[in-house]
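S.K.: I'd like to ask some things about the structure below.
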Amino acid sequence: MGKMQPYLNTIVKTRFALVLIFVFCGACVFAAAPPAERRAFNTAMQSFRGGWWEIADRQFGEFINKYPQSELLPEALLRQAQARFRLRKFSDAVEVLSTQRDKAAQLADEWYFWLGEAQFASSNYTGAADAYGIVVRNFPDSMRAPSAAYYEALAYARLGKWSRAVELLVSPAGPLQRTVAANPTNDLAVNSRLLLAEAHIALGNLSEAETNLLQLGVLDLGACTEWRRLYLLGRLYVRAARMGDALTAATRLATRAEDCGRDELRAESVLFKATVLEHAGRLDDALAEYGKLLDARMPTSVRRTALLKSVGLNLRQGRLESAAALLQNHIAQNPQDNGSDAAQIALGELRLKQFAEAVGKTDGQRELPVPSEITNLLEQALAQFDTVISNAPSGPFTGRAFLGKGWCLWLRGKVAESKAAFESAVEQLPFSEDQAVARFKLADAQFVQGDFAAALSNYQAVAAEYGGIQPARDTLVEPALYQAARAALAMNDLAAATNAMRLIVRDFPGGFRAQSVLLLAGQDIAARGSPGLAREFFAEFERRYPDSPLLTEVKLALARTFEQEKNWVAAARVYDEWVTNNAQSELLPQVEYRRGLANYHAGFETNAFAIFTNIVFRFPTNPVAPLAQNWIADFYFRQGDFKRAEENYQLLYQHWPESELAYEARMMAGRAAVASLRFADAVTYFTYLINDPGCPSNLVAQALFAYGDALTRQDSADTNRPLANYEEAIRVFSKLQRLYPATEFATLAWGRIGDCYLQLAGQDPTYFTNALAAYQTVVDDPRAGVAARSQAEVGLGIVLDKQAQLLPEPEQHAMRQRALEHYLRVVYQQNLREGEQADPFWVKEAGLRAMRLAEELQMWEQLATDGGLCDYLGKVFPQLSQAMEARKLRAKMRLDSPGT
Numbered sequence: 001m002g003k004m005q006p007y008l009n010t011i012v013k014t015r016f017a018l019v020l021i022f023v024f025c026g027a028c029v030f031a032a033a034p035p036a037e038r039r040a041f042n043t044a045m046q047s048f049r050g051g052w053w054e055i056a057d058r059q060f061g062e063f064i065n066k067y068p069q070s071e072l073l074p075e076a077l078l079r080q081a082q083a084r085f086r087l088r089k090f091s092d093a094v095e096v097l098s099t100q101r102d103k104a105a106q107l108a109d110e111w112y113f114w115l116g117e118a119q120f121a122s123s124n125y126t127g128a129a130d131a132y133g134i135v136v137r138n139f140p141d142s143m144r145a146p147s148a149a150y151y152e153a154l155a156y157a158r159l160g161k162w163s164r165a166v167e168l169l170v171s172p173a174g175p176l177q178r179t180v181a182a183n184p185t186n187d188l189a190v191n192s193r194l195l196l197a198e199a200h201i202a203l204g205n206l207s208e209a210e211t212n213l214l215q216l217g218v219l220d221l222g223a224c225t226e227w228r229r230l231y232l233l234g235r236l237y238v239r240a241a242r243m244g245d246a247l248t249a250a251t252r253l254a255t256r257a258e259d260c261g262r263d264e265l266r267a268e269s270v271l272f273k274a275t276v277l278e279h280a281g282r283l284d285d286a287l288a289e290y291g292k293l294l295d296a297r298m299p300t301s302v303r304r305t306a307l308l309k310s311v312g313l314n315l316r317q318g319r320l321e322s323a324a325a326l327l328q329n330h331i332a333q334n335p336q337d338n339g340s341d342a343a344q345i346a347l348g349e350l351r352l353k354q355f356a357e358a359v360g361k362t363d364g365q366r367e368l369p370v371p372s373e374i375t376n377l378l379e380q381a382l383a384q385f386d387t388v389i390s391n392a393p394s395g396p397f398t399g400r401a402f403l404g405k406g407w408c409l410w411l412r413g414k415v416a417e418s419k420a421a422f423e424s425a426v427e428q429l430p431f432s433e434d435q436a437v438a439r440f441k442l443a444d445a446q447f448v449q450g451d452f453a454a455a456l457s458n459y460q461a462v463a464a465e466y467g468g469i470q471p472a473r474d475t476l477v478e479p480a481l482y483q484a485a486r487a488a489l490a491m492n493d494l495a496a497a498t499n500a501m502r503l504i505v506r507d508f509p510g511g512f513r514a515q516s517v518l519l520l521a522g523q524d525i526a527a528r529g530s531p532g533l534a535r536e537f538f539a540e541f542e543r544r545y546p547d548s549p550l551l552t553e554v555k556l557a558l559a560r561t562f563e564q565e566k567n568w569v570a571a572a573r574v575y576d577e578w579v580t581n582n583a584q585s586e587l588l589p590q591v592e593y594r595r596g597l598a599n600y601h602a603g604f605e606t607n608a609f610a611i612f613t614n615i616v617f618r619f620p621t622n623p624v625a626p627l628a629q630n631w632i633a634d635f636y637f638r639q640g641d642f643k644r645a646e647e648n649y650q651l652l653y654q655h656w657p658e659s660e661l662a663y664e665a666r667m668m669a670g671r672a673a674v675a676s677l678r679f680a681d682a683v684t685y686f687t688y689l690i691n692d693p694g695c696p697s698n699l700v701a702q703a704l705f706a707y708g709d710a711l712t713r714q715d716s717a718d719t720n721r722p723l724a725n726y727e728e729a730i731r732v733f734s735k736l737q738r739l740y741p742a743t744e745f746a747t748l749a750w751g752r753i754g755d756c757y758l759q760l761a762g763q764d765p766t767y768f769t770n771a772l773a774a775y776q777t778v779v780d781d782p783r784a785g786v787a788a789r790s791q792a793e794v795g796l797g798i799v800l801d802k803q804a805q806l807l808p809e810p811e812q813h814a815m816r817q818r819a820l821e822h823y824l825r826v827v828y829q830q831n832l833r834e835g836e837q838a839d840p841f842w843v844k845e846a847g848l849r850a851m852r853l854a855e856e857l858q859m860w861e862q863l864a865t866d867g868g869l870c871d872y873l874g875k876v877f878p879q880l881s882q883a884m885e886a887r888k889l890r891a892k893m894r895l896d897s898p899g900t
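Reading the sequence shown from the start, the letters are residues 1 to 900 in the working numbering.
Following this line, the structure appears as structure tokens:
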């Protein structure tokens with residue numbers, strides 16, 4: 001079965017590609033979610049589509065916690081599980097899909113299919129078979145049903161339940177057979193027949209298996225699939241004791257491995273030949289074949305397998321010391337080899353086995369009165385386990401090392417120390433038989449120490465969680481229930497004890513969750529955000545009271561309902577009608593002003609300009625006159641006519657010096673001067689405001705900010721200190737923060753301080769730390785707008801990328817990944833708050849930087865995937881579509897190239 005793993009890895013990729021088909025239509029099932037929910041969900045989906053699995057996992061988790069009643073919850077849970085699956089966090093994916101299965105709703109077929117996938121990847125084949133079976137039986141018309149039927153059979157095969165696998169594979173009414181009948185040469189059909197042949201071999205139905213495999217031999221299977229067929233045929237011959245045919249198959253197997261071009265198949269071919277030689281009794285020849293794979297040029301995993309096989313052959317012949325010597329020599333000759341940890345584990349477990357055999361027992365916690373040469377075996381085993389733990393505290397074999405260490409300490413009677421080791425083993429081992437043993441022994445240690453509650457919890461976990469692993473069920477579940485009953489009785493928990501005993505008896509019988517009212521009602525309804533309903537009240541008012549003196553107010557209120565809906569054309573039409581009918585009203589200046597604004601927002605800017613110019617001329621003493629003058633100045637500013645804009649801002653503060661807009665007009669005059677690149681004139685405006693004691697504090701803050709910004713855009717007057725203006729700007733921005741810490745500009749100043757430190761870091765890299773702190777302050781501040789936060793996110797990415805380049809090359813990757821995540825937050829608009837829209841400039845800037853960095857990090861899968869970063873940027877920015885297609889194609893080529 002293990003020989004199929006490379007193929008299954010390919011199948012996993014293929015299966016997961018189908019997720020993206022579902023992804024792009026999945027959200028349409030749930031269209032009624034409120035905007036905030038939908039935005040949060042879409043943010044996570046963007047990360048998911050782009051293949052940023054860690055980010056998607058976190059974002060879906062945040063969505064689930066924040067919106068537990070959302071209609072989008074089922075899909076969010078499913079997507080989180082799929083992201084965890086891609087991160088190889090299989091047990092976490094199982095947890096989501098198992099504990100939340102009542103939320104599957106319309107996604108039930110996908111839900112149970114992926115539960116099966118995660119269970120299968122976790123080696124919980126019983127759970128996988130159950131989940132796949134639900135898809136097959138409850139959703140026979142689902143697109144997942146044929147594959148689920150195949151993988152259900154494969155799960156039973158992994159459990160050794162070959163008869164059940166055959167039943168599923170040949171069931172004429174099942175979705176798998178319908179698919180096979182429709183297209184007998186597709187991958188699913190071929191894989192099903194190969195699995196059927198394997199099942200027949202396991203059941204001893206060699207004739208049926210041989211017929212099936214020979215029939216497949218006439219098809220054009222491709223070199224790699226043909227290798228699998230020959231491998232099964234060779235196994236069949238070994239089972240039938242036809243060693244001559246088996247050796248012939250082994251020779252053909254090697255040829256097909258070369259044709260396939262996969263190193264792992266070349267190695268497997270050698271391993272198979274060695275196996276045939278073993279069965280033929282030619283053990284020295286078998287050892288010679290394994291020896292070919294011990295070459296240092298072989299991949300670590302291959303050398304590890306060959307080593308352990310060689311050790312196994314020696315053990316079969318009772319040559320324990322020869323096996324130990326082989327392991328010791330490998331460790332001594334390859335001290336830096338990544339496979340040494342496996343050898344050390346094997347040597348440690350071998351010494352532990354020798355010790356157990358010598359003392360005639362495998363359990364006990366008292367000191368054992370045995371000779372020193374025997375106790376030395378235990379010390380040697382412990383030394384090997386400690387070496388693995390010390391060299392690789394989080395390595396792939398560290399969990400097994402802690403388990404072995406726990407056994408050594410337990411056998412030496414050191415219960416407290418063994419408990420700590422078993423606990424570490426539970427934490428580091430994957431869901432497996434070894435983890436079940438570690439948890440059982442942890443419970444034993446807790447029981448001996450009198451911690452019955454903890455012991456009970458762990459015994460119950462062994463019984464409840466590991467029953468799907470057959471070896472664990474055979475050897476651990478019943479003892480765990482028995483010990484659970486003991487622990488429960490020791491703490492007087494009769495209910496728990498009774499339940500444990502009930503399970504033992506059940507599962508092991510043979511063994512041990514009016515006018516004024518209408519107007520006010522309409523105004524109130526409009527104020528509460530229901531302008532359409534408000535208009536019904538106003539229409540009723542006009543119908544009932546067409547001659548009411550309040551009708552003019554009703555018309556104005558009606559116009560405001562259209563403003564609420566941003567229906568500016570309708571609002572302008574109502575105001576136009578009102579002005580025509582109420583030319584002598586004292587409200588005319590105010591209504592004219594609102595009419596001007598409505599025309600502007602409706603896109604009738606020429607009309608608006610004429611209205612505001614007329615207001616300044618006809619009503620110069622009315623409070624709306626400076627407002628109209630300000631709009632005229634803003635109009636020129638928007639047109640890029642900064643000279644006329646500056647002149648009109650001057651008119652405002654000169655003609656209406658007492659207006660609240662006078663200081664703002666002077667500020668804008670300074671901004672117009674900056675836009676005209678007249679920085680000295682701009683500084684004059686800004687410093688006037690800074691030094692005027694009557695200037696409102698918020699404008700002083702703006703002026704300080706603008707003053708600092710202008711400094712960064714000017715060349716330094718000191719040619720010997722070209723970056724002097726950045727240092728002075730930092731002082732100005734710091735003064736702003738000191739004087740006005742509660743203003744938005746204090747936060748924006750942090751962003752500009754970050755920019756200044758980024759420039760200064762070109763001369764002194766220690767300033768990178770200052771830049772990071774400044775940018776992060778902007779990102780975290782609730783007062784900062786989306787543009788400022790986006791710019792700061794990009795700044796964080798730039799700084800981290802530059803910092804990474806100062807590190808040794810092996811240490812750069814993690815920091816550059818952090819930089820990439822900051823860019824992606826802006827690209828996928830994940831930094832938006834409720835009601836915000838992304839700033840296109842910074843989305844594009846972040847996207848191009850993310851693209852460059854992802855290419856440098858060789859993240860070709862994320863760039864090449866459909867719906868990934870290239871597709872996203874091409875869709876959001878059509879002008880980039882051709883360039884993005886080219887970069888996506890390049891990524892695909894790199895992804896498909898050998899060695900990438």
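Glycine is no exception: its CB is placed at the ideal position from the N, C-alpha and C atoms.
To which residues of the same chain is serine 676 closer than 6 angstroms at the C-beta, ignoring the five residues directly before and after it?
M.R.: Looking up residue 676 in the sequence shown gives position 676. Here the set comprises Phe642.
S.K.: Just verifying my parser: in three-state terms, what is the DSSP assignment at serine 163?
M.R.: For this step, residue 163 is matched to residue 163 along the sequence shown. Three-state DSSP puts serine 163 in a helix.
S.K.: Starting from the C-beta of tyrosine 575, find all residues in its chain whose C-beta is less than 7 angstroms away, skip the five residues before and the five after it, and write them out in chain order.
M.R.: Stepping through the sequence shown from its first residue, residue 575 is reached at position 575. These residues qualify, in order along the chain: Ala559, Val591, Arg594, Arg595 and Ala598.
S.K.: Going by DSSP in three states, valine 218 sits in which element: helix, strand or coil?
M.R.: Counting from one through the sequence shown, the residue named residue 218 turns up at place 218. Coil.
S.K.: Whole angstroms are fine: how far does the CA of isoleucine 730 sit from the CA of alanine 761?
M.R.: Here residue 761 corresponds to residue number 761 of the sequence shown, with the count starting at 1. Here residue 730 corresponds to residue number 730 of the sequence shown, with the count starting at 1. Rounded to whole angstroms, the separation of the alpha carbons of isoleucine 730 and alanine 761 is 14 angstroms.
S.K.: By the three-class DSSP mapping on this structure, what secondary structure does phenylalanine 422 have?
M.R.: Position 422 of the sequence shown, counting from 1, holds the residue named residue 422. Helix at phenylalanine 422.
S.K.: Using the Cα positions of phenylalanine 877 and phenylalanine 562, report the straight-line distance between them to the nearest angstrom.
M.R.: Position 877 of the sequence shown, counted from the first residue, corresponds to residue 877. Position 562 of the sequence shown, counted from the first residue, corresponds to residue 562. Taking the straight line from one Cα to the other gives about 32 angstroms.
S.K.: In its own chain, which residues sit with a C-beta less than 6 angstroms from the C-beta of arginine 644, not counting the 5 before and 5 after it?
M.R.: Counting from 1 along the sequence shown, the entry for residue 644 is found at position 644. Contacts found: Tyr636.
S.K.: Count the CB pairs spanning the stretch 179–188 and the stretch 198–214 that are closer than 8 angstroms, and state whether there are at least three.
M.R.: no
S.K.: If you run the structure through DSSP and keep just helix, strand and coil, what is glycine 467?
M.R.: Counting from 1 along the sequence shown, the entry for residue 467 is found at position 467. Glycine 467 falls in the coil class under three-state DSSP.
S.K.: State whether the stretch 424–434 contacts the stretch 397–407, with contact taken as three or more CB pairs (one from each stretch) at a distance under 8 angstroms.
M.R.: yes
S.K.: Assuming the contact rule is C-beta atoms closer than 8 angstroms, tryptophan 114 and phenylalanine 85 should be a hit. Round their C-beta distance to whole Å, please.
M.R.: For the purposes of this step, residue 114 is taken as the residue at position 114 of the sequence shown. For the purposes of this step, residue 85 is taken as the residue at position 85 of the sequence shown. Sure, about 7 angstroms apart at Cβ, within 8 angstroms.
S.K.: What does a CB cutoff of less than 6 angstroms around alanine 931 pick up in its chain, not counting 5 residues either side in sequence?
M.R.: In the structure as shown, the chain begins at 1 and stops at 900. Residue 931 is therefore absent and cannot be evaluated.
S.K.: Which residue from Asp709, Leu232 and Glu728 puts its Cα closest to that of tryptophan 718?
M.R.: Within the sequence shown, residue 718 is the residue found at index 718, counting from 1. Note that residue 718 is aspartate in the sequence shown here, rather than tryptophan. That would be Glu728, whose Cα lies nearest to the Cα of aspartate 718.
S.K.: For arginine 721, which of helix, strand or coil comes out of DSSP?
M.R.: Start at 1 with the first residue of the sequence shown, and residue 721 comes out as number 721. Coil at arginine 721, not helix or strand.
S.K.: What whole-angstrom Cβ distance do alanine 463 and valine 448 have, given they're in contact under 8 angstroms?
M.R.: Reading the sequence shown from its first residue, position 463 is the one you call residue 463. Reading the sequence shown from its first residue, position 448 is the one you call residue 448. About 19 angstroms separates the two Cβ atoms, so there is no contact after all.
S.K.: Where does serine 123 sit, in a helix, a strand or coil, going by DSSP?
M.R.: Here residue 123 refers to the residue found at position 123 of the sequence shown. Serine 123 falls in the coil class under three-state DSSP.
S.K.: Helix, strand or coil for proline 589? Go by DSSP, reduced to three states.
M.R.: Sequence index remark: in the sequence shown, residue 589 carries index 589 (1-based). Three-state DSSP puts proline 589 in a helix.
S.K.: Could you spell out where the alpha helix (DSSP H) holding alanine 288 opens and where it closes?
M.R.: Here residue 288 corresponds to residue number 288 of the sequence shown, with the count starting at 1. 283–292 is the span of the alpha helix (DSSP H), which, as asked, contains alanine 288.
S.K.: Comparing C-alpha positions only, which one of Ser123, Arg666 and Leu489 sits nearest to alanine 455?
M.R.: Residue 455 sits at position 455 when you count from the first residue of the sequence shown. Measuring from the Cα of alanine 455, the nearest candidate turns out to be Leu489.
S.K.: Tell me which same chain residues have a C-beta within less than 7 angstroms of the C-beta of alanine 703, skipping the five on either side of it?
M.R.: Walking along the sequence shown from the start, residue 703 turns up at place 703. Here the set comprises Met667, Phe686, Leu689 and Ile690.
S.K.: Taking all protein chains shown into account, do 16 or more other C-beta atoms lie within 10 angstroms of the C-beta of proline 546, making it buried, or fewer, making it exposed?
M.R.: Translated into the one-based positions of the sequence shown, residue 546 becomes position 546. Sixteen is the threshold: since fewer than 16 other Cβ atoms of the shown chains lie within 10 Å of the Cβ of proline 546, the residue is exposed.
S.K.: Per DSSP, what kind of secondary structure is alanine 669 in: helix, strand or coil?
M.R.: Here residue 669 refers to the residue found at position 669 when the sequence shown is read from its first residue. Here alanine 669 sits in helix by DSSP.
S.K.: Give, in chain order, every unbroken run of the alpha helix (DSSP H) that is at least 4 residues long and sits entirely within the stretch 72–133.
M.R.: 73–86, 90–99 and 108–121
S.K.: Quick one: residues in its chain with C-beta nearer than 6 angstroms to the C-beta of tryptophan 985, no 5 flanking neighbours on either side, listed in chain order?
M.R.: Because residue 985 is not part of the residues shown, which for the chain are 1 to 900, the question remains open.
S.K.: Beta-carbon separation of glutamine 650 and alanine 669 under 8 angstroms?
M.R.: Taking the first residue of the sequence shown as 1, we reach residue 650 at position 650. Taking the first residue of the sequence shown as 1, we reach residue 669 at position 669. Yes; because the gap between Cβ atoms is below 8 angstroms, this pair is in contact.
S.K.: Quick one: using the 10 Å Cβ neighbour count with 16 as the cut-off for buried, is alanine 886 buried or exposed?
M.R.: The count along the sequence shown starts at 1 and reaches residue 886 at position 886. Here alanine 886 is exposed: its Cβ has fewer than 16 other Cβ atoms, across all protein chains shown, within 10 Å.
S.K.: My assumption, with CB atoms under 8 angstroms, is that leucine 832 sits in contact with arginine 144. Please give the rounded CB distance.
M.R.: Start at 1 with the first residue of the sequence shown, and residue 832 comes out as number 832. Start at 1 with the first residue of the sequence shown, and residue 144 comes out as number 144. Not a contact, Cβ separation roughly 35 angstroms.
S.K.: Can you tell me the Cβ-Cβ gap for aspartate 259 and alanine 223, rounded? I've got them flagged as a contact below 8 angstroms.
M.R.: Within the sequence shown, residue 259 is the residue found at index 259, counting from 1. Within the sequence shown, residue 223 is the residue found at index 223, counting from 1. Rounded, the Cβ-Cβ distance is 4 angstroms, consistent with contact.
S.K.: Assuming the contact rule is C-beta atoms closer than 8 angstroms, valine 616 and alanine 633 should be a hit. Round their C-beta distance to whole Å, please.
M.R.: Your numbering for residue 616 matches position 616 in the sequence shown. Your numbering for residue 633 matches position 633 in the sequence shown. Their Cβ separation, rounded to whole angstroms, is 11 angstroms, which puts valine 616 and alanine 633 out of contact at 8 angstroms.
S.K.: Could you tell me the alpha carbon to alpha carbon distance between arginine 400 and isoleucine 345, rounded to whole angstroms?
M.R.: By one-based count along the sequence shown, residue 400 stands at place 400. By one-based count along the sequence shown, residue 345 stands at place 345. So the alpha carbons of these two residues sit roughly 7 angstroms apart.
S.K.: Going by CA-CA distance only, name the one from Gly127, Ser70 and Glu71 that's closest to leucine 97.
M.R.: For the purposes of this step, residue 97 is taken as residue 97 along the sequence shown, with counting starting at 1. Per the Cα distances, Gly127.
S.K.: Please classify valine 302 as buried or exposed, where buried requires at least 16 neighbouring CB atoms within 10 angstroms.
M.R.: Taking the first residue of the sequence shown as position 1, residue 302 is located at position 302. With 16 or more other Cβ atoms within 10 Å, it is buried.
S.K.: Please report how far the alpha carbon of leucine 232 lies from the alpha carbon of aspartate 263, in whole angstroms.
M.R.: The count along the sequence shown starts at 1 and reaches residue 232 at position 232. The count along the sequence shown starts at 1 and reaches residue 263 at position 263. Cα to Cα, leucine 232 sits roughly 19 angstroms from aspartate 263.
S.K.: What's the gap between the Cα of tyrosine 156 and the Cα of alanine 129?
M.R.: Counting from 1 along the sequence shown, the entry for residue 156 is found at position 156. Counting from 1 along the sequence shown, the entry for residue 129 is found at position 129. When rounded, the separation of the alpha-carbon atoms in tyrosine 156 and alanine 129 is 7 angstroms.
S.K.: Taking the alpha-carbon positions, what's the proline 620 to serine 585 distance?
M.R.: What you label residue 620 is simply residue 620 of the sequence shown in a count that begins at 1. What you label residue 585 is simply residue 585 of the sequence shown in a count that begins at 1. Taking the straight line from one Cα to the other gives about 17 angstroms.
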